[in-house]
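What follows is a set of notes on a single structure, which appears directly below.
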């Protein structure tokens, strides 16, 4: 049933991908950057029956007429940039232009918070 619903959702304008949880759970999908991004966000116990990805720059929320550049919820590269800022006594100024992960933040934070 999940697969049939996913196939129907693909017929809607603005839908880039619809994948069943069963397919994500068994990882029987092509090894692409998009699929790896989706799998990082998928949790078998918490994710829904269908994982829906909209085309780039397509949003399901009207944002009350505001113009938005991203929602930080899609797998598209433009939507994966989130500014991270720390401020406080004893912290040195630094700008990091490369991609970072929560692991990059956790180690220095653990060291400086003691």
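Residue numbers (my numbering): 1 to 114. Ideal Cβ positions, reconstructed from N, Cα and C, are used throughout, including at glycine.
Strictly by DSSP, which residues pair up with residue 18?
52
Residue 5 and residue 38 - do their beta-carbons sit closer together than 7 Å?
no
What is the residue span of the alpha helix (DSSP H) that residue 40 lies within?
33 to 41
Close beta carbons around residue 74, own chain, < 6 Å, minus the five adjacent residues each side:
none
Take residue 44 and list the residues in its own chain whose beta-carbon comes closer than 6 Å to its own, dropping the five residues that flank it on each side.
25
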